[in-house]
Amino acid sequence: MVLSAIAKVTDESADKLLIGLHGWGANAADLAAIADYMPLKGFKMLFPDGPFPHPQAPGGRMWYGFPIGYDFQNNNDLVQQADLQESRQLLRQWLTQVADETGIPLERTVIAGFSQGGAMTLDIGLQLPLAGALILSGYLHSAPAPHADLGPVLIVHGRQDPVVPILRAQQSRDALKSQAVDLTYQEYDMGHEISPLVLREIRLFCEQLPM
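FYI, the numbering for the sequence shown is 252 to 462, going by the numbering used here.
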């Protein structure tokens with residue numbers, strides 16, 4: 252299985268890359284739509300589809316399924332799921348392939364993940380020497396293992412998030428701080444969403460990266 256992706260290129264000479272990972276039940280097109288509202292000079296953008304079709308959302312994709320009765324409040328373990336393990340491998344392979352094909356190394360790549368895509372960013376993205384990573388309404392699968400050369404990380408979460416409780420963002424914050432990650436943490440009065448305020452945070456974060 253190979254991940255398919257939507258490319259958004261407004262500057263053919265761009266030498267940096269932003270990769271966006273969508274949430275559960277969404278797809279690459281949903282997240283790629285934000286590119287029209289967030290011009291980033293010097294960046295190419297890629298938005299891959301999760302490898303698995305969503306069982307209830309026509310056209311929706313997912314990085315893995317949730318067990319029946321899964322409860323974010325109770326922090327149920329997902330790590331041993333076969334579909335999550337497959338997604339991990341596929342995403343790693345795809346990121347390596349993208350670096351080879353674009354000529355843009357991981358050190359000049361930023362990954363931004365929303366919800367389940369944020370969880371994949373915390374899981375796989377942080378293990379790579381990325382220029383930066385953004386976790387938008389995301390959550391941890393397990394204790395993070397950040398790469399020694401990982402760049403800055405930004406976590407943004409809504410205090411009124413009805414899907415992924417703010418507690419999960421706070422757990423991610425505390426876990427990354429304990430690993431001495433260069434972390435910025437932001438809470439806003441919003442729900443489970445990528446609001447104009449979040450788009451602004453993404454743009455400022457990417458523009459201020461030292462690369």
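Backbone N, C-alpha and C fix where the C-beta goes; we use that ideal spot for every residue, glycine too.
- Non-local beta-carbon contacts of D281 in its own chain, meaning distances under 7 Å to residues more than five positions away in sequence, involve H273 in chain order.
- Less than 8 Å separates the beta-carbon of M289 from that of I453.
- If you check the CB distance, R339 and I375 come in under 8 Å.
- The beta carbon of F294 is closer than 6 Å to those of A265, K267, L269 in its chain, skipping five residues each way along the sequence.
- Remark: fewer than three beta-carbon pairs, one from each stretch, lie closer than 8 Å, so the region 390-407 and the region 341-354 are not flagged as touching.
- Nearest in C-alpha terms to L455, of all of V415, G442, D412, G383, is G383.
- Taking a C-beta distance under 8 Å as the contact criterion, A277 and F298 do not qualify as a contact pair.
- By the C-beta density criterion, D440 is exposed, having fewer than 16 other C-beta atoms within 10 angstroms.
- Note on geometry: alpha-carbon atoms of L401 and Q459 lie some 15 Å from one another.
- The three-state reading of DSSP puts G376 in helix, counting H, G and I together.
- Counting other Cβ atoms within 10 Å of its Cβ, I319 stays below 16 and is therefore classed as exposed.
- Residue pairing of H408 in beta bridges, as defined by DSSP: E438.
- By the C-beta density criterion, L450 is exposed, having fewer than 16 other C-beta atoms within 10 angstroms.
- Between I417 and L434, the C-beta gap is not smaller than 8 Å, which leaves the two residues out of contact.
- Taking all protein chains in view, the Cβ of G364 is crowded by 16 or more other Cβ atoms within 10 Å, so the residue is classified as buried.
- The C-alpha of E263 is placed about 32 Å away from the C-alpha of V432.
- M371 carries a helical assignment under DSSP once its states are collapsed to helix, strand and coil.
- Around the CB of A399, fewer than 16 other CB atoms lie within 10 Å, so the residue is classed as exposed.
- If you compare the alpha carbons of Q307, G311, A350, I386 with that of I362, the shortest gap goes to I386.
- Going by C-alpha positions, A333 is about 27 Å away from H443.
- Counting every other CB atom within 10 Å of its CB across the protein chains shown gives T372 a total of 16 or more, marking it as buried.
- Separation of R410 and Q348 (C-alpha to C-alpha, rounded to the nearest whole angstrom) is 37 Å.
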